[in-house]
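S.K.: Residue numbers (my numbering): 605 to 764.
Note that the Cβ used here is the ideal one computed from N, Cα and C, for glycine as well.
Since the structure is predicted, the reported quantities are computational estimates derived from the model, not experimental observations.
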């Protein structure tokens, strides 16, 4: 009887520990951020395609300002990447990254993938912004949103 009581106590403590771990790791965490600048002239096909979508009204990304007449030599694509770690028991689903615009940002390209971060894994999510003018100032605030076990999770931070 004594052995059974000790076994029940150990199982209860282990179960409580697992529940506590699951609650504390419900949200993914940001491990790293990075920025990459690509002159639009080096990605001329993408630049032309985006402007064609905007002019025809089929652009599905986020518009920050009306682009007007743009030349690829005056623009750059700035890609912000956030590495997430999901240490919890449940996958993070519908993961999205939105960059807060700064002066000169025209639009953010759409990320058309269904982004899921499996439990116990790491992954990157990126957002690409078309910037007009000097792209040397790349610091932006960002918001990562996802759903874990049906609960909306919002992570905010700054990419430099």
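What beta strand (DSSP E) runs, 3 residues minimum, are completely inside the segment 667-743?
M.R.: DSSP runs (the beta strand (DSSP E)) wholly in the segment 667-743: 679-690, 696-703, 709-712 and 725-736.
S.K.: Under a three-way DSSP split, which group does residue 664 fall into?
M.R.: One-based indexing of the chain shown puts residue 664 at position 60. DSSP places residue 664 in coil when its eight states are reduced to three.
S.K.: Would you kindly work out how many angstroms separate the C-alpha atoms of residue 672 and residue 737, rounded to a whole number?
M.R.: Reading the chain shown from its first residue, position 68 is the one you call residue 672. Reading the chain shown from its first residue, position 133 is the one you call residue 737. If you take the alpha carbons of residue 672 and residue 737, they lie about 14 angstroms apart.
S.K.: So, does the segment 742-758 touch the segment 696-711, judging by three or more C-beta pairs under 8 angstroms?
M.R.: Yes, the segment 742-758 touches the segment 696-711.
S.K.: Does DSSP put residue 759 in a helix, a strand or coil?
M.R.: In the chain shown, residue 759 corresponds to position 155, counting from 1. Of the three classes helix, strand and coil, the one that applies to residue 759 here is strand, per DSSP.
S.K.: Expressed to the nearest angstrom, what Euclidean distance is found between the alpha-carbon atoms of residue 605 and residue 628?
M.R.: The residue given as residue 605 occupies position 1 in the chain shown. The residue given as residue 628 occupies position 24 in the chain shown. Approximately 35 angstroms, taken between the alpha carbons.
S.K.: If you draw a straight line from the C-alpha of residue 621 to the C-alpha of residue 614, how long is it?
M.R.: Numbered from its first residue, the chain shown carries residue 621 at position 17. Numbered from its first residue, the chain shown carries residue 614 at position 10. Between residue 621 and residue 614, the C-alpha separation is close to 10 angstroms.
S.K.: Along the chain, where does the alpha helix (DSSP H) that runs through residue 852 open and close?
M.R.: This structure does not reach residue 852, given that the chain is present from 605 up to 764, and the question cannot be answered.
S.K.: Using alpha carbons as the reference points, say which of 694, 739 and 657 lies closest to residue 707.
M.R.: On the chain shown, residue 707 is found 103 positions in, with the first residue counted as 1. The shortest Cα separation from residue 707 among 694, 739 and 657 belongs to 739.
S.K.: Roughly how many angstroms lie between the CA atoms of residue 663 and residue 616, to the nearest whole one?
M.R.: In the chain shown, residue 663 corresponds to position 59, counting from 1. In the chain shown, residue 616 corresponds to position 12, counting from 1. Spanning the two alpha carbons is a distance of roughly 54 angstroms.
S.K.: If you run the structure through DSSP and keep just helix, strand and coil, what is residue 764?
M.R.: Counting from 1 along the chain shown, the entry for residue 764 is found at position 160. If DSSP states are grouped into helix, strand and coil, residue 764 belongs with coil.
S.K.: Would you kindly check if the distance between the Cβ of residue 682 and the Cβ of residue 641 is under 7 angstroms?
M.R.: Taking the chain shown and counting its residues from 1, one reaches residue 641 at position 37. Taking the chain shown and counting its residues from 1, one reaches residue 682 at position 78. Yes.
S.K.: I need the straight-line Cα distance from residue 688 to residue 611, nearest angstrom please.
M.R.: Numbered from its first residue, the chain shown carries residue 688 at position 84. Numbered from its first residue, the chain shown carries residue 611 at position 7. Approximately 38 angstroms, taken between the alpha carbons.
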